[in-house]
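Remarks on the structure that follows.
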Amino acid sequence: MPHESLEAENLHLWRGEQHVLNGVGFALPRGTCLHVAGANGSGKTTLLRTVCGLLYAESGRVLWDGQDVQADLAAFHSRLIYIGHEPPLKPDLSALENLSYWVGVRRRVGRALLGAALERVGAIACADRPVRTLSAGQKRRVALAALSLLAAPLWLLDEPTTNLDSEGQGLVGTLIEEQLARGGLVLAATHQELPVARERLRRLELAA
0 MPHESLEAEN
10 LHLWRGEQHV
20 LNGVGFALPR
30 GTCLHVAGAN
40 GSGKTTLLRT
50 VCGLLYAESG
60 RVLWDGQDVQ
70 ADLAAFHSRL
80 IYIGHEPPLK
90 PDLSALENLS
100 YWVGVRRRVG
110 RALLGAALER
120 VGAIACADRP
130 VRTLSAGQKR
140 RVALAALSLL
150 AAPLWLLDEP
160 TTNLDSEGQG
170 LVGTLIEEQL
180 ARGGLVLAAT
190 HQELPVARER
200 LRRLELAA
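Just so it is clear: in the sequence shown, position 34 is 33 by numbering that gives the first Met the number 0, and no numbers are missing.
Have a look at this one:
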């Protein structure tokens, strides 16, 4: 039975002459959140993009269930959801259309479930509005609605609380806690503290 653990071993990645990831490693068992912290330019986003296979490290490897993810990236991608610093939303589609398209790549979801997800994150009023008319915080909420619908065991979140008010930041904490309670894993890069129970939280500090 898969134990759904995520590990990184001795990751090294260069950007030009800059050694962005210098021997980075971690082990993340199920039911745990890893808070990746560090100053601007320390490699937080680079680490997330390397873990999910959007960037390739010069050396080191990422393991899912003890297997190198590069052996079958498609299978690994089916187990994760990645939300970058900029939510992956199409500006001329409505919030509901964006969510339907995004989630529909993996599963068929009816309008009722889509609406319930938007309601949960406080974005139901945006359902039929083009995304280009939404504020940054509203776009973030629409992206967060995809988390529960996709039901992936691994979440990779880049600055998930950016542009959110205090209520929205609390919502992020609640969503993460629910994911961990299900036995899921969360890798979150953020400057801010995460509102997650300490016993479920680990921290990785990257040096600039």
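Every residue gets a Cβ at the ideal spot worked out from N, C-alpha and C, and that includes glycine.
His34 to Leu54 span [Cα, whole Å] = 20 Å
Starting from Leu10, follow its DSSP beta bridges and name the residues at the other end.
-> Val23
Span of the beta strand (DSSP E) holding Val185?
-> 184 to 188
CA-CA distance, Glu96 and Glu192?
-> 32 Å
DSSP state of Gln168 mapped onto helix, strand, coil = helix
So the beta strand (DSSP E) Leu203 belongs to, where does it begin and stop?
-> 200 to 205
Buried/exposed call for Ala145, threshold 16 Cβ in 10 Å | buried
Can the beta-carbon of Ile232 be found closer than 8 Å to that of Leu133?
-> The structure shown does not extend to residue 232, since the chain is modelled only from 0 through 207, so no value can be given for it.
How many Å lie between Glu6 and Pro28 at the Cα?
-> 8 Å
Residue interval of the alpha helix (DSSP H) (run including Arg48) = 43 to 50
In terms of alpha-carbon separation, which member of Ala142, Val50, Val104, Asp67 lies closest to Ser93?
-> Ala142
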